[in-house]
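Asker: Have a look at the structure that comes next, please.
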Amino acid sequence: METNEDDMVRIPEEKELRPGSVDLPRIERAVREILIAVGENPDREGLRDTPRRVARMYAEVFAGMYDDPLKYVQTFFKEQYDELVVLRDVPFYSFCEHHLLPFEGKAHLAYLPNGRVVGLSKLARVVDAFARRPQVQERLTDQIADLLTSSLQAKGVAVVMEARHSCMTCRGVKKPDSVMITSSLRGICRSDARTRAEVMALLHNRH
Ligand code: ZN
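Quick note on this note's numbering: the sequence shown kicks off at 9 and runs consecutively.
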């Protein structure tokens, strides 16, 4: 996945996201335009329902635009637990914002609690809410780490994501087996060498 100056876009703040859902008729019109633009006849039988199907698909894969990840971690348990909490192999599906093609893989999360622990399913929901948007993997990883750090006030947070990008598979350099790995470390998981080594070993551990 290439990144250059032209790809840099301003990321809207969470509060700027509109409530509601994606504009289905608008996507349908746009998809019909794309079909015409590539030289297709959008009215032939096989394509007749394509704009509608694609619009519904986008509503699903971009539902995170209308989901607030914070709500999943606002309720937590008060618990004095001083060891790392690790959740590995959370599958995720996202869309590369440079090509609007999917990238998918697994997220591995860890945090060192500071009196607040949260249900593991809630962590998976946070991943989903951020993943279901036009994304780049680096930002996705950072957003999850930042939200866990601020909402749980954790002593340390580590997020590792590994994914295959369709834009690497079906276009451009065509490297189908390459896996992109990103990591975001916060607090003691970043600053303390021992904690950092421990958490990275746990998150990268192969089975
Ligand atoms: Zn891409």
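By construction, the Cβ of each residue, glycine as well, lies at the ideal position given by its N, Cα and C atoms. This structure is a prediction, so every number in the text was calculated from the model and none was measured.
So what's S129 in DSSP terms, helix, strand or just coil?
Answerer: In this structure, S129 counts as helix in the three-state DSSP scheme.
Asker: Check for me: the beta strand (DSSP E) holding T190 runs from which residue to which?
Answerer: Unbroken beta strand (DSSP E) run through T190: M188 to G195.
Asker: Let me make sure I understand the geometry here. Which of L120, L109 and P110 has the alpha-carbon closest to that of Y89?
Answerer: Checked all of L120, L109 and P110; the closest Cα to Y89 is L120.
Asker: Of the residues L156, H212, F111 and S159, which one's Cα is nearest the Cα of Q216?
Answerer: Look at the range of the chain in this structure, 9 to 215, and you will see that residue 216 is not part of it.
Asker: In whole angstroms, what is the alpha-carbon distance linking M124 and G164?
Answerer: A small correction: the amino acid at residue 124 is Arg; Met does not occupy that position in the sequence shown. If you take the alpha carbons of R124 and G164, they lie about 12 Å apart.
Asker: Count the CB pairs spanning the stretch 191 to 199 and the stretch 148 to 164 that are closer than 8 Å, and state whether there are at least three.
Answerer: Enough Cβ pairs lie closer than 8 Å, so yes.
Asker: Would you kindly work out how many angstroms separate the C-alpha atoms of I44 and T58, rounded to a whole number?
Answerer: Looking at the two C-alpha atoms, the distance is approximately 12 Å.
Asker: State the Cα-Cα distance for the pair C104 and A38, rounded to the nearest angstrom.
Answerer: The alpha-carbon atoms of C104 and A38 are separated by roughly 19 Å.
Asker: Tell me which residue opens and which closes the beta strand (DSSP E) that Y1 is part of.
Answerer: As displayed, the chain neither begins before 9 nor continues past 215, which places residue 1 out of reach and without an answer.
Asker: Terminal residues of the continuous alpha helix (DSSP H) containing R51?
Answerer: It is Asp, not Arg, that sits at residue 51 in the sequence shown. Counting along the chain, D51 falls outside any alpha helix (DSSP H), and DSSP gives it neither H nor E.
Asker: Is the beta carbon of F84 sitting closer than 8 Å to the one on L160?
Answerer: A contact, by the Cβ cut-off of 8 Å.
Asker: Just checking my contact of L211 with A166 at CB under 8 Å: how many whole Å lie between their CB atoms?
Answerer: About 6 Å separates the two Cβ atoms, so the contact holds.
Asker: Taking the alpha helix (DSSP H) that S159 falls in, what are its first and last residues?
Answerer: Its alpha helix (DSSP H) spans residues Q145 to L160.
Asker: For R96, report the span of its beta strand (DSSP E) as first-last.
Answerer: Per DSSP, R96 belongs to the beta strand (DSSP E) from V93 to C104.
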